[in-house]
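Here's the structure we're looking at; comments come further down.
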Amino acid sequence: MKINKGKTIVLLAGTVLTAMGLHAGAFRTSGRVALSDSVKTETTTVDKPNSVVDEVIWVVGDEPILKSEVEIMRIQSEAEGMKWDGDPECILPEQIAVQKLFLHQAALDSVEVSESEIARGIDDQINYWISLPQIGSREKLEEFQNKSMTQIRQDLHDDYKNRLLVQKMQQNLVSDVTVSPAEVREYFKKLPVDSIPMIPTMVEVEILTQTPKVEVEEVNRIKNQLRDYTDRVTKGETSFATLARLYSEDPGSARQGGELGYMGRGVLDPAFAAAAFNLTDPKKISKIVESDFGYHIIQLVDRRGDKVNVRHILLKPNVSMASIDAAKERLDSIGRDIRNGKFTFEDATAYLSDDKDTKNNHGLMVNSVENTRTSRFKMKELPTEVARVVDTMKVDEVSMPFQMVNSRGKVVCAIVKLKARIPEHRATITEDFQTMRDIVTAKRRKEVLHDWVVKKVKETYVRINPRYRNCNFQYEGWLK
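Throughout the sequence shown, residue numbering follows mature numbering (1 follows the signal peptide of the UniProt record, and there is no 0), covering -24 to -1, 1 to 456 in sequence.
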């Protein structure tokens, strides 16, 4: 890239958080353009059928924004029901330009995302599409898109990579933003009554789980399978990546040949991390590792400082119905003793629950959402199985045992207690301080990101087609 007059140069395209007033439609532009050597002209050849020329409407740094990009984004956004607070012909080019600023900074700061993170995002998008009434299945989605599932995933890959890069860059920029209780109270005091947010019905739930026992024969079957994979790779019969794609039960990484991307020790399961960071030879495969997720074999891809990139194959033992029934019987007995007053639900979790995340907190489930932790959940934020049970429960009631899949993908059995149900209400500073603090913190973060964009715009070469100069832009400084 060339630097113009000492200005900051920007790269690529992505997205920014909704707090910035931008939306996910920006990721779903399709079609790739073959740019001319210079972006000083107002037209460039476009590499897609039925189109000969395409107009450059903005230039940011030395990166063009094409009219076709804006049009594709507009069509896709409208198809998803997006409503515009203004003229989309003005809003969308500005969004693309802002995305370029964040992505360029992410490149400068060496912000990285793993292939497993990208795959999870793509899975979420595909599952959302399939959930739509007009789609309903993978086959219908392929028919609707006129593409195979592999092609759909490939088309989404770069968009989701950019989304994650921008989100991480923004998180880095606002990571130090905090607000004091006094600031929260002052903000709340100045709000008109009709501007105070409505808080939807929330619940607090305590949970006690029992993990069904896995039979020794099943564990041995899994281990023998992993040993067979190791032997086949060692003998050169196949590659580790091929076996991961075919057999690994980690959907996030299996499609990437088991590759996780660069990760630090702290974000990995301790047993997995110990084995991964102990590898030194990419040709060697680890011994079988048991983690909270199942059983793994691991192959080193690369090391970079205090991060490691590995491939892995995960197999999860099957749990028999007899084991599930036995776990439910134990929970049924525990629940009966709680109802009869032999001990409290809270005491039972400390001694009898297998849930590492809650047993030392009286079984209270914690909702980690948008960088905050709270014991309150909207019903849609609870695990599906828990929400289904809690929906009809009364406060202090203890449920009957039920089966669910925990956050680590394991089958467990559980009973829950509804600790509290808070009806929909207008927020108060005493009852909803955390919610109000989140609102004020989000406002401060939005201001920090806005100021950062304005500063970058001033430092960046920008040229805009004259017909866009009457637009009412969200960020000042675009017009030089």
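We put the CB at the ideal spot given by N, CA and C, even for glycine.
| Item | Value |
| --- | --- |
| Kindly give me the distance between the Cβ atoms of Ala217 and Gly233, rounded to whole angstroms, as I take these residues to be in contact under 8 Å. | 3 Å |
| Where do the ends of the beta strand (DSSP E) carrying Ala396 lie? | 387 to 398 |
| For Arg107, count neighbouring C-beta atoms within 10 Å of its own C-beta (all shown protein chains included) and say buried if the count is 16 or more, exposed if not. | Residue 107 is actually Ser in this sequence, not Arg. With fewer than 16 Cβ atoms within 10 Å of its Cβ, Ser107 is classed as exposed. |
| Report the option in Glu305, His426, His288, Arg231 whose CA atom is closest to the CA atom of Gln130. | Arg231 |
| Helix, strand or coil for Trp34, going by three-state DSSP, please let me know. | strand |
| Can you tell me whether residue 527 is buried or exposed? The criterion is at least 16 other CB atoms within 10 Å of its CB, across all chains shown. | For the chain, the structure presents residues -24 to 456; residue 527 sits outside this window and is missing. |
| What runs of the alpha helix (DSSP H), each 4 residues or longer, lie entirely inside the stretch 312 to 382? | 321 to 328, 360 to 366 |
| Check the DSSP bridge columns for Glu39 and list the partner residues they point to. | Val36 |
| Between the alpha carbons of Phe164 and Lys419, how many angstroms are there, rounded? | 13 Å |
| Per the DSSP calculation, Arg287 is bridged to which residue(s)? | Glu235, Gln275 |
| Lys260 to Gly242, Cα distance in whole Å? | 23 Å |
| Nearest to Met369 by alpha carbon, out of Glu361, Pro168, Lys393? | Lys393 |
| When you compare only the Cα positions, how much space is there between Arg287 and Leu202? | 14 Å |
| How about Ile264 and Lys211: do their beta carbons lie closer than 8 Å? | no |
| Indicate the three-state DSSP secondary structure (helix, strand or coil) for Leu455 in the structure shown. | coil |
| For the beta strand (DSSP E) containing Val243, list its first residue and its last residue. | First-last for Val243: undefined, no H or E at that position. |
| So, using beta-carbon positions, are Leu68 and Val89 closer together than 8 Å? | no |
| Determine the burial state of Tyr437: buried for a count of at least 16 other Cβ atoms within 10 Å of its Cβ, exposed for fewer. | buried |
| The beta strand (DSSP E) that contains Arg185, what's its start and end? | At residue 185 the sequence reads Thr, which differs from the Arg that was named. 178 to 186 is the extent of the beta strand (DSSP E) around Thr185. |
| In this structure, does DSSP put Thr404 in helix, strand or coil? | coil |
| Taking three-plus beta-carbon pairs below 8 Å as touching, is the stretch 271 to 286 in contact with the stretch 327 to 342? | no |
| Would you mind listing the alpha helix (DSSP H) stretches within the stretch 128 to 165 that are 4+ residues and don't spill past its ends, in chain order? | none |
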